[in-house]
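Notes for the one structure printed next.
Number of protein chains: 2
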Amino acid sequence: MLPEEILKDHIAKTVSLTDDQYSYVFSHFKLKSFKKGQTIIAAGDKVDSEYFVLSGCLKSFYLNDDLKMFILQFAMPTWWASDFNALYSNSRATINLDCITDAEVFCLSNEDREKLCKELHPMEYFFRWRTNKGYVASQKRLLSLMNDNVRSRYEDLMKLYPELYNMVPKNLIAAYLGVSRETLSRLYQHGK
Amino acid sequence: MLPEEILKDHIAKTVSLTDDQYSYVFSHFKLKSFKKGQTIIAAGDKVDSEYFVLSGCLKSFYLNDDLKMFILQFAMPTWWASDFNALYSNSRATINLDCITDAEVFCLSNEDREKLCKELHPMEYFFRWRTNKGYVASQKRLLSLMNDNVRSRYEDLMKLYPELYNMVPKNLIAAYLGVSRETLSRLYQHGK
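Residue numbers (full-length UniProt numbering), protein chains in the order written: chain A, 1 to 192; chain B, 1 to 192.
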């Protein structure tokens, strides 16, 4: 599938646009390729764009003062990633975004998103619902983290990203769940 | 301040509407009063509305199988509250929403929000940015919870809701932070 077709399918799940409107929307996205391990956003960077994943897998993560890694999000094809806090508040990144595998993304600047939302009411609707879904997912994860039920956290993750287990090193899955590599192995054995 | 003035001030921070547009928007909100301790949403309910707080303080919370309480949100004046997962996905509530104090709220149905967003492009912009801010706040709380730094969680909470310490029983603040009442007392003593 062409990059534009992937994006079109994704947008069409939420809103209908004419072919001319799609062409206009696409003209604001920039295609970028990254290699496995490459950094897209580093803590401290100015953040002015968000990324729609076309192929591969990204991770957004926070490193604390002891350099312990906390994974905020895995971003697979048709997911969006950025440091949204920095992006929306025009501040410096506090989280990092890099590539778990080689990846191809569509890059959309803050300015162009706002321009599209202003010019095309359906795109404002699209982005509102994209964030509504992200907000709800984030609240669910918050609750499962507070409730501290590692097994249900693991099951939620596998439901959310069924392909993940084969794509991502186990230590990263453990860093997402906030458990040790050993605890994860036990869960995986029992879950089979 | 009249309820409509509180809502107008809140909307005007994000978008500009004409007086006629404001009147039209207000006509979709229903004023409701609740007593301290009263339930607005109970787990299992059908959820079709969200609530804009005019006075008082609400809490949204989850009870696990052992009836341990996890507080997702305190909602004070000009904050919005609901079970957004249930509201957006047209499913039954998994969380509860009730009143810490007597409270007055403006109730907006799912249907009316979507109608306003469709009819008035600025209202679509308003609700997109409301959720963007909620999403970012939720991601920040997720990170602070994963990082498990109780002191910074406490400080973030006090920054977010400076009035909270005098308004809300300490056991509820502890349930928001995910710590015991004793740990909270130690933090409060040191924070003075």
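Even glycine gets a Cβ: it sits at the ideal position worked out from N, Cα and C. This one's a predicted model, so the numbers in the text were calculated from it and none came from an experiment.
Asked, Found
"Which runs of the beta strand (DSSP E), 3 residues or longer, sit entirely within the region 40-97 of chain B?", "49-55, 58-63 and 69-75"
"To the nearest angstrom, report how far apart A/Ser23 and A/Thr14 are at their CA atoms.", "17 Å"
"Check whether the Cβ of B/Phe127 lies closer than 7 Å to any Cβ atom in chain D.", "The structure shown has no chain D; the protein chains it does contain are A and B."
"By alpha-carbon positions, which one of A/Asp102, A/Phe61 and A/Leu116 ends up nearest to B/Lys140?", "A/Phe61"
"Run through chain B and tell me which residues come within less than 8 Å of A/Lys140, C-beta to C-beta.", "Asn85"
"Could you confirm whether any beta carbon from chain B is found closer than 7 Å to the beta carbon of A/Val179?", "no"
"Roughly how many whole angstroms lie between the Cα atoms of A/Gln38 and A/Met76?", "16 Å"
"Short check: CB of B/Thr101 to CB of B/Ala43, under 7 Å?", "no"
"Using the Cα positions of A/Pro3 and B/Lys35, report the straight-line distance between them to the nearest angstrom.", "54 Å"
"Give every residue of the same chain whose Cβ lies closer than 7 Å to the Cβ of B/Val168, excluding the five residues on either side of it in the sequence, and list them in chain order.", "Cys57, Phe74 and Ile100"
"For the beta strand (DSSP E) containing B/Phe127, name the first residue and the last one.", "Unbroken run through B/Phe127 is the alpha helix (DSSP H), His121 to Asn147; no beta strand (DSSP E)."
"A/Tyr165: buried (16+ other C-beta within 10 angstroms of its C-beta) or exposed?", "exposed"
"So, does the CB of A/Met146 fall closer than 7 Å to a CB anywhere in chain B?", "yes"
"So what does DSSP say about A/Ser180, is it helix, strand or coil?", "coil"
"Taking CB distances under 7 Å as the criterion, tell me whether A/Glu104 reaches chain B.", "no"
"Answer with buried or exposed for B/Lys59, where buried requires no fewer than 16 other C-beta atoms within 10 angstroms of its C-beta.", "buried"
"Name the two residues that bound the continuous alpha helix (DSSP H) containing A/Phe26.", "Asp19 to Phe26"
"Measuring straight from C-alpha to C-alpha, what distance separates A/Glu5 and B/Val179?", "48 Å"
"DSSP three-state call for B/Val150: helix, strand or coil?", "helix"
"Under a Cβ-count criterion, where at least 16 other Cβ atoms within 10 Å of its own Cβ denotes burial, should A/Arg128 be classed as buried or exposed?", "buried"
"Out of A/Leu72, A/Glu111, A/Ser152 and A/Lys133, point me to the one whose CA is closest to A/Ser49's CA.", "A/Glu111"
"Consider the C-beta atom of B/Met76 and the heavy atoms of the ligand PLP; say whether any pair is separated by less than 6 Å.", "The ligand PLP is not part of this structure, which contains no ligands at all."
"Could you pull the start and end residues of the alpha helix (DSSP H) that A/Lys8 belongs to?", "Pro3 to Ala12"
"Output yes or no for whether 7 Å exceeds the beta carbon distance between A/Lys30 and A/Val105.", "no"
"For chain A, check one thing: does any of its Cβ atoms lie closer than 7 Å to the Cβ of B/Ile37?", "Before going on, a small fix: residue 37 of chain B reads as Gly here, not Ile. No, because no Cβ of chain A sits closer than 7 Å to the Cβ of B/Gly37."
"Need the endpoints of the beta strand (DSSP E) that B/Phe106 sits in, please.", "Ala103 to Ser109"
"If you run the structure through DSSP and keep just helix, strand and coil, what is A/Lys32?", "strand"
"Report buried or exposed for A/Gln83, applying the criterion of at least 16 other Cβ atoms within 10 angstroms of its Cβ.", "Residue identity check: residue 83 of chain A is Asp in the sequence provided, not Gln. Label assigned to A/Asp83: buried."
"Could you check whether the Cβ of A/Asn64 sits closer than 7 Å to any Cβ belonging to chain B?", "yes"
"Report the neighbours of B/Cys117 on chain A: residues whose CB is nearer than 8 Å to its CB, in chain order.", "Tyr125 and Arg128"
"Where do the N-terminal and C-terminal ends of the alpha helix (DSSP H) with A/Tyr161 fall, by residue?", "Element bounds for A/Tyr161: n/a, residue is neither H nor E."
"Would you verify that the beta carbon of B/Val136 is, or is not, closer than 7 Å to some beta carbon of chain A?", "yes"
"Give me the residue from B/Tyr176, B/Arg151 and B/Leu54 with the minimum Cα distance to A/Leu145.", "B/Tyr176"
"Got a sec: is the Cβ-Cβ distance from B/Phe70 to anything in chain A below 7 Å?", "yes"
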